[in-house]
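Encoded as structure tokens, the structure appears first; notes follow it.
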Amino acid sequence: MTWCILYWRRWKGSRWIDSGSTNGGTGSRQYHPRMMLALLIYCHANGVFGSRRIERATYRDLAVRYLCANTHPDHDTICKFRRENFEAVGEAFSQVLLLARELKLMKVGTLSVDGTKIGANASKHRNVRHDRAGELVEQLEADIEQLLTQAEQADQKAGDDGQSLPEALARRQDLKQKLEQARAQLKSRAKARAEQERAEYERKLEARERRSGERKGKKPRPPDEAVPEDQQINLTDPDAALMRKNKGSEYRQSHNAQASVTTDGSQLIVGARLTDAASDRRELVANVASVPPELGRVSRVLADNDYATG
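The numbering used here applies: residue -19 is where the sequence shown begins, and numbers increase by one.
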């Protein structure tokens, strides 16, 4: 992998970021962006993500020391580079995979897919139900109207500066906006879920029509785009949901991280995505679709029972 990344750095690495030679003409000479990209790609591909762990790897990992020419960017530099060049890093990953395929270091044929729960930076106490969010919006609208009335009255009174009113008004308007966005996102998710279920519904309907008499059975229920009243969303991180890793663990605000990996020996991650679904049951098709088509055709997929739709 080290040689593949080095070859990519010389081949296309200069496309992504304009280097520049100094930090605004003062201070130490900056680390070359192509070297920083190579460092991030290698470390991420080997499961090292934290900037402090990457910094330690520049001292302890022989391949990393080789990629960095025995230099040692600190964790602040690594974190800042990744944040400022987030899209370039993601695009560079795809280019490295394409290069690995061209060099016959990777063959996309059989994929292994799996998921893991990753904790979100949000409290589960910031969750709100769809019906409760609607009630809060109505309450906030009444509060805002009352505060505007008080502000108008304060303007007419001598000696009342009304300084506390704008702050209270701003807080309520901000919360109202978050709640409205949360309700809109829940509606969007419900519609997307119904679209996913429609193909399965039509398949069951056709199968029922082919049967005759009492063998037809009960008519399948069509997908419903309505948002369940008890459906929850987190105001801090709307893309996270309450999940638990196993039956013995507690529920936490988390993401379900999915990965698709080649099984040909290179074991490169060729597809990755996050979902707010606690179960893997409906994630198999989306995982396969996350693999860029230019990497090659997927012929077989290995998955555990969690992906079975029944």
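Note that beta-carbon positions come from the ideal geometry of N, C-alpha and C, so glycine has one too.
| Item | Value |
| --- | --- |
| First and last residue of the uninterrupted alpha helix (DSSP H) at Lys60 | 55 to 64 |
| Arg52 in three-state terms, based on DSSP | Reading off the sequence shown, one finds His at residue 52, where the question assumed Arg. The answer is coil: DSSP assigns His52 none of H, G, I, E or B. |
| Candidates Val271, Leu264, Lys167: closest to Arg109 by CA position | Lys167 |
| Leu120 beta carbon near the ligand ZN (any heavy atom closer than 6 Å) | Of ligands this structure carries none, so the ligand ZN is not represented either. |
| Helix, strand or coil at Arg183 according to DSSP, with G and I counted as helix | helix |
| Cβ contact (3+ pairs, closer than 8 Å) linking the region 63 to 75 and the region 193 to 211 | no |
| Under the three-state DSSP convention, the category Ala221 falls into | strand |
| Exposure label - Tyr187; buried when at least 16 CB within 10 Å | The sequence as given places Ala at residue 187; Tyr does not occur at that position. Looking at its Cβ environment, which holds fewer than 16 other Cβ atoms inside 10 Å, Ala187 is exposed. |
| Integer Cβ distance of Arg113 from Arg152, believed to fall under 8 Å | What sits at residue 113 in the sequence shown is Ala, not Arg. Not really, about 14 Å apart at Cβ, beyond 8 Å. |
| CB contact flag (Ala174, Pro200, <7 Å) | no |
| One or two residues paired with Gln176 in a DSSP bridge | For Gln176, which the question treats as bridged, DSSP gives no partner whatsoever. |
| Within 7 Å, strictly: CB atoms of Tyr292 and Leu47 | In the structure as shown, the chain begins at -19 and stops at 290. Residue 292 is therefore absent and cannot be evaluated. |
| C-beta neighbour in chain C for Gln238, strict 7 Å | Given the protein chain composition of this structure (a single chain), no chain C is represented. |
| Extent of the continuous beta strand (DSSP E) to which Leu91 belongs | 90 to 99 |
| Range of the contiguous alpha helix (DSSP H) that encloses Arg232 | Arg232 -> not in any alpha helix (DSSP H); beta strand (DSSP E) instead, spanning 232 to 242. |
| Secondary structure of Thr216, DSSP reduced to three states | coil |
| Alpha-carbon to alpha-carbon, Leu248 and Asn107 | 36 Å |
| Nearest neighbour of His24, chosen from Arg9, Ile(-15), His52 [CA to CA] | Ile(-15) |
| Per DSSP, the bridge partner or partners of Gly251 | Ser240 |
| Asn267, DSSP secondary structure in three states | helix |
| Best match in Val271, Leu275, Thr90, Arg261 for proximity to Arg253 [C-alpha to C-alpha] | Val271 |
| Local conformation of Lys167 per DSSP, three classes | helix |
| Three-state class that DSSP yields for Arg14 in the structure shown | helix |
| Residue(s) in a DSSP beta bridge with Val281 | Leu91 |
| Three-state secondary structure assigned by DSSP to Arg261 | coil |
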